[in-house]
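Colleague:
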Amino acid sequence: PFARPYWPQCAGALAALTAAAAAVLSIGAILRAVIDRGFAAADPAMFDRALLLMLAAILVLSAATYARVALVAWLGERITADLRRAVYDHLLRLSPGFFETMRSGDILSRMTADAAVLQLVVGSSASMALRNLLLLAGGLAMLLLTSGKLTLLVLVAMPLVVAPIIMTGRRVRKLSKTSQEKISDLSAAIEETVYGIKTVLANNHEAIERQNFHARIEASVAAAMLRVRTRALMSMLVIALVFGAIGGILWIGGHDVLAGQVTPGQLSSFIFYAIIVAGTVGALSEVTGDLQRAAGATERIFELLAARPEIAPPPQPLPMPQPVRGAIRFDKVRFAYPSRPEQPALQDFNLTVQPGARLAIVGPSGAGKTTLFQLLLRFYDPQAGTISIDGRDLKQADPADIRRQIAFVAQDPVIFSKNAWDNIRYGRPDASDAEIMAAARAAHADEFLLRLPEGMQTFLGEKGVRLSGGQKQRIAIARAILRKAPILLLDEATSALDAESEQAVQHALEQLMHGRTTLVIAHRLATVMQADRIAVLDQGKIIAAGTHHELISANPLYARLAALQFGAG
Ligand code: ADP
Numbered sequence: 331p332f333a334r335p336y337w338p339q340c341a342g343a344l345a346a347l348t349a350a351a352a353a354v355l356s357i358g359a360i361l362r363a364v365i366d367r368g369f370a371a372a373d374p375a376m377f378d379r380a381l382l383l384m385l386a387a388i389l390v391l392s393a394a395t396y397a398r399v400a401l402v403a404w405l406g407e408r409i410t411a412d413l414r415r416a417v418y419d420h421l422l423r424l425s426p427g428f429f430e431t432m433r434s435g436d437i438l439s440r441m442t443a444d445a446a447v448l449q450l451v452v453g454s455s456a457s458m459a460l461r462n463l464l465l466l467a468g469g470l471a472m473l474l475l476t477s478g479k480l481t482l483l484v485l486v487a488m489p490l491v492v493a494p495i496i497m498t499g500r501r502v503r504k505l506s507k508t509s510q511e512k513i514s515d516l517s518a519a520i521e522e523t524v525y526g527i528k529t530v531l532a533n534n535h536e537a538i539e540r541q542n543f544h545a546r547i548e549a550s551v552a553a554a555m556l557r558v559r560t561r562a563l564m565s566m567l568v569i570a571l572v573f574g575a576i577g578g579i580l581w582i583g584g585h586d587v588l589a590g591q592v593t594p595g596q597l598s599s600f601i602f603y604a605i606i607v608a609g610t611v612g613a614l615s616e617v618t619g620d621l622q623r624a625a626g627a628t629e630r631i632f633e634l635l636a637a638r639p640e641i642a643p644p645p646q647p648l649p650m651p652q653p654v655r656g657a658i659r660f661d662k663v664r665f666a667y668p669s670r671p672e673q674p675a676l677q678d679f680n681l682t683v684q685p686g687a688r689l690a691i692v693g694p695s696g697a698g699k700t701t702l703f704q705l706l707l708r709f710y711d712p713q714a715g716t717i718s719i720d721g722r723d724l725k726q727a728d729p730a731d732i733r734r735q736i737a738f739v740a741q742d743p744v745i746f747s748k749n750a751w752d753n754i755r756y757g758r759p760d761a762s763d764a765e766i767m768a769a770a771r772a773a774h775a776d777e778f779l780l781r782l783p784e785g786m787q788t789f790l791g792e793k794g795v796r797l798s799g800g801q802k803q804r805i806a807i808a809r810a811i812l813r814k815a816p817i818l819l820l821d822e823a824t825s826a827l828d829a830e831s832e833q834a835v836q837h838a839l840e841q842l843m844h845g846r847t848t849l850v851i852a853h854r855l856a857t858v859m860q861a862d863r864i865a866v867l868d869q870g871k872i873i874a875a876g877t878h879h880e881l882i883s884a885n886p887l888y889a890r891l892a893a894l895q896f897g898a899g
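Using this note's numbering, read the sequence shown as starting at 331 and increasing by one per residue.
1. Are the Cβ atoms of residue 435 and residue 517 separated by less than 8 Å?
2. Under a three-way DSSP split, which group does residue 798 fall into?
3. Is the closest heavy atom of the ligand ADP to the C-beta of residue 416 under 7 Å?
4. Buried or exposed: residue 490, going by 16 or more other Cβ atoms within 10 Å of its Cβ?
5. If we ignore side chains and look at the alpha-carbon of each, how far apart do residue 663 and residue 496 end up?
6. Counting only runs that start and end within the region 708 to 745, where is the beta strand (DSSP E) found for 3 or more residues in a row?
7. Which residue's Cα is closest to the Cα of residue 542: 515, 748, 887 and 334?
8. Residue 687 and residue 862 - do their beta-carbons sit closer together than 8 Å?
9. Between which two residues does the alpha helix (DSSP H) containing residue 481 stretch?
10. Do the region 742 to 762 and the region 675 to 685 meet, that is, are 3 or more Cβ pairs less than 8 Å apart?
11. Should residue 413 and residue 450 be called a contact, given that it needs their Cβ atoms to be closer than 8 Å?
12. What residues in its chain sit with their C-beta under 6 Å from that of residue 756, if we drop five residues either side in the sequence?
13. If we count the other Cβ atoms within 10 Å of its Cβ and call it buried at 16 or more, is residue 753 buried or exposed?
14. Measuring alpha carbon to alpha carbon, tell me which of 534, 580, 552 and 611 ends up nearest residue 499.
15. Is it buried or exposed, residue 382, if we count other Cβ atoms within 10 angstroms and call 16 or more buried?
16. Got a list of residues with beta-carbon closer than 6 Å to any non-hydrogen atom of the ligand ADP, in chain order?
17. If you measure between the beta carbons of residue 440 and residue 569, is that distance less than 8 Å?
18. Go through the region 832 to 899 residue by residue and report every complete run of the alpha helix (DSSP H) that reaches 4 residues or more, in order.
19. Return the first residue and the last residue of the beta strand (DSSP E) that residue 665 is part of.
20. Given a cut-off of 8 Å, decide if residue 692 and residue 657 are closer than it, judged by their beta-carbon atoms.
21. With 16 other CB atoms within 10 Å as the buried threshold, where does residue 374 fall?
22. According to the Cβ coordinates, are residue 703 and residue 660 closer than 8 Å?
23. Could you pull the DSSP bridge partners for residue 410 from this structure?
24. Fully enclosed by the region 395 to 452, which alpha helix (DSSP H) runs are 4 residues long or longer?
25. Compare the beta carbon distance of residue 619 and residue 561 with 8 Å and say whether it is the shorter of the two.
26. Helix, strand or coil, according to DSSP, for residue 542 in the structure here?
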C-alpha cells in the first residue's frame, strides 16, 4: 500500500531495469559475433560493426542504470518517509495504555533502525534482486540458445548449487531478527539511563548500569557474530559451488571446441552468460539476506501500525454541550488499569461536582487521586458505571472534544525543547503573542522568563532541565490559563518551593482557578482551606467529604493527613 501512490516511478524503474538487463544480455551475443565473424573470418568491417553495436549497448546500459538507481533510491526515501509518518500519526492515536506495555526505546528503534533496513531494501536491494532475476532468466535462455548440451549440464548442477544457499539463507533470516531485537534492547537501555541519569548517579548505580549494558552489548555482538558467520559460510558456499561449476563447463566445452562441435565464439559467449548467471545467483544470495532482514523489520514496524487504540471516538460521537458549564459526575464507577485487571484502582466511586465549584482531593498515595484525572481526560474508560461532564457520558463523546474542555496541570509538568513562547503556546496553538504574554503575567512566569538571557526567546532545554520546579509549574499554569477551558485539573506539586516561589505559584493558581470547575489534588493547607469541599480518598473510594473544619474533627484519616502534610495541628 505504501508503494501504490508511486506506481509511475515503479513502472519507470521497472522499464529501466529491463532495458539494462537486455543490454547486458546483448553484449554476449555481440561478443560471439566479434570472435566468430570478426576474428575467425578475419573481416575488419564486420569487426567494426560489431564493436560499434557493443558501444551502443554499453550506452543503453549506463543510461538505464542511472535511471534505475535514481528512481529506486527516490522510491526508497519517499516510501520510508511515508511509512515513518504513518507510524508516528498512528502512535498519536493510541491511548496511554499502549505506551505502558511498550518500551519507548523499542518504539524508537522500530521507527529508526527498522525503517532504515526497509529503506535499504526499497531503495536498492529489491531492485537489485529484480535485476538479477531478469539477468538469470535471460542468461539461462541465452545459454540454451548457445548450447543445449552445456545448458543441460548447468541445469543439473543448479539445484546442487542453489539448495544449500537457500537453506543457509533461511537461517540468516532467523538470526537477523534476533540480532535486530538485541539492538533494540540496547537503545531501550540507553534511553532509560540517559533519562534517569540523575537517579543513576545519586544511587551510585554507574557500575551496575555499566555491567548490565556491557552484558547487553555482548549479547548483541554474539547475536550479530552468529549471523555474520552464517552469512560468511553462505558466501563461501556460493563461490565454491558456482565457480567450480564454471570450471567444469569450461573443461567440457573446451573439448567440444577441440572436436569442432562448437565455435570459439559460442564457447566464449556461453562462458560470458554462465558468469552472468553465476553472478546473479551470488548477488541474489547476498540480497536475500537484506530482503529477509527487511521482512523482519517490516513485521516489527507493522506491529506498531496494527496496534488498535483502546479509546476511540464512537462512530457517531455526541458533541459536548456548548458552552460546557463544568458539572462533573462519577456514577458507580469501577475502574482497574488494563495491566492489573483484578485490582481496581477505583470502585463504587460516586462524585458530583457543581459547575464552577472547587473540590480538593486528599488521600494517601495510591488512593486513586491521579486515576480520577486520567479517567476525566478519557485516557482510559471505566469498566462499569458512567462518568459525565454536563450530563454527557464521556464514552459517547470524542476524546479530543472532551480534552478541549479541560486544562490539566501535572505535578511535574513537561517542558518541551522549545523556547518560552512555544512552551506556553502549547496550551492553545493559535494564541497570539499578546495573549501569551498576558498568560505568562497572570501565572507570574513573566518575572523570571524576562530575566533569562534571551527573554521569552530563551530555549528552555531538553525536558526543561534548565528550570527550577516552581518555574516549570508556572509555565504549566500559564499554558493552562491560555487554554481557556471550563474545567481545571490540578495536581499540586509536592516538592517544597521557597517562600517567594510558593507565593508566586499560589497567586498564579488563584488566577487560574477563577471561574472554572476545579479539581485539585491538594498538598498545601492554603489549597484545602480555599476549597468549597474536600473529598478524602482511600483505596479507590471516597470515605468522607466536607470542609476542612468539619473533616478535621470527623475523619481521623483526614486529621492525620492534615497534620502530616499541611502541618495543620
Ligand atoms: P494516587 O494518585 O492517589 O497516589 P493513583 O491514582 O496514581 O494514586 O493510583 C491508584 C492505584 O492504581 C495504585 O494502586 C497504583 O499502583 C495503581 N496504578 C496507577 N497507575 C497505574 C498504571 N498505569 N497501571 C497499573 N496500575 C496503576
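Just so it is clear, CB atoms sit at the ideal spot from N, CA and C, and this is done for glycine as well.
Modeller: Reading it off the structure:
1. Here residue 435 is taken as the residue at index 105 of the sequence shown, counted from 1. Here residue 517 is taken as the residue at index 187 of the sequence shown, counted from 1. In contact: residue 435 and residue 517 (Cβ atoms closer than 8 Å).
2. Taking the first residue of the sequence shown as 1, we reach residue 798 at position 468. Looking at residue 798 - three-state DSSP - the assignment turns out to be coil, as it is neither helix nor strand.
3. To locate residue 416, count along the sequence shown from 1; it is residue 86. Not so, every heavy atom of the ligand ADP lies at least 7 Å from the Cβ.
4. Within the sequence shown, residue 490 is the residue found at index 160, counting from 1. In summary, residue 490 is exposed, with fewer than 16 beta-carbon neighbours lying within 10 Å of its beta-carbon over all protein chains present.
5. Taking the first residue of the sequence shown as 1, we reach residue 663 at position 333. Taking the first residue of the sequence shown as 1, we reach residue 496 at position 166. C-alpha separation (whole angstroms): 58 Å.
6. 714 to 719 and 736 to 739
7. Within the sequence shown, residue 542 is the residue found at index 212, counting from 1. Nearest of 515, 748, 887 and 334 to residue 542, Cα basis: 515.
8. One-based indexing of the sequence shown puts residue 862 at position 532. One-based indexing of the sequence shown puts residue 687 at position 357. Cβ atoms of residue 862 and residue 687: closer than 8 Å.
9. Start at 1 with the first residue of the sequence shown, and residue 481 comes out as number 151. Element bounds for residue 481: 478 to 525.
10. In short, these stretches do not touch, since the Cβ pair count stays below three.
11. Numbered from 1 along the sequence shown, position 83 holds the residue referred to as residue 413. Numbered from 1 along the sequence shown, position 120 holds the residue referred to as residue 450. In this structure, residue 450 does not lie closer than 8 Å to residue 413 by Cβ.
12. Position 426 of the sequence shown, counted from the start, is the residue given in the question as residue 756. Excluding residues within five positions, the ones whose Cβ falls inside 6 Å are 809.
13. Counting from one through the sequence shown, the residue named residue 753 turns up at place 423. Classification of residue 753: buried, given that the 10 Å Cβ count is 16 or more.
14. Mapped onto the sequence shown, residue 499 falls at position 169. For residue 499, the nearest C-alpha among the options comes from 611.
15. As a working mapping, residue 382 is identified with position 52 in the sequence shown. Exposed, by the Cβ-count rule.
16. 430, 667, 669, 670, 675, 693, 695, 696, 697, 698, 699, 700 and 701
17. Here residue 440 refers to the residue found at position 110 of the sequence shown. Here residue 569 refers to the residue found at position 239 of the sequence shown. No, they are not a contact pair.
18. 855 to 860, 878 to 884 and 886 to 891
19. On the sequence shown, position 335 is the one that residue 665 refers to. Its beta strand (DSSP E) spans residues 658 to 665.
20. In the sequence shown, counting from the first residue as 1, residue 657 sits at position 327. In the sequence shown, counting from the first residue as 1, residue 692 sits at position 362. Cβ distance not < 8 Å, so residue 657 and residue 692 don't count as in contact.
21. To locate residue 374, count along the sequence shown from 1; it is residue 44. Label assigned to residue 374: exposed.
22. Residue numbering aside, residue 703 sits at position 373 when the sequence shown is read from its first letter. Residue numbering aside, residue 660 sits at position 330 when the sequence shown is read from its first letter. No, Cβ-Cβ distance for residue 703 and residue 660 is not below 8 Å.
23. The sequence position of residue 410 within the sequence shown is 80, counting from 1. According to DSSP, residue 410 bridges with nothing at all.
24. 426 to 431, 434 to 439 and 445 to 450
25. If you number the sequence shown from 1, residue 619 lands on position 289. If you number the sequence shown from 1, residue 561 lands on position 231. Yes, they are a contact pair.
26. Against the sequence shown, residue 542 aligns to sequence position 212. Helix, per DSSP.
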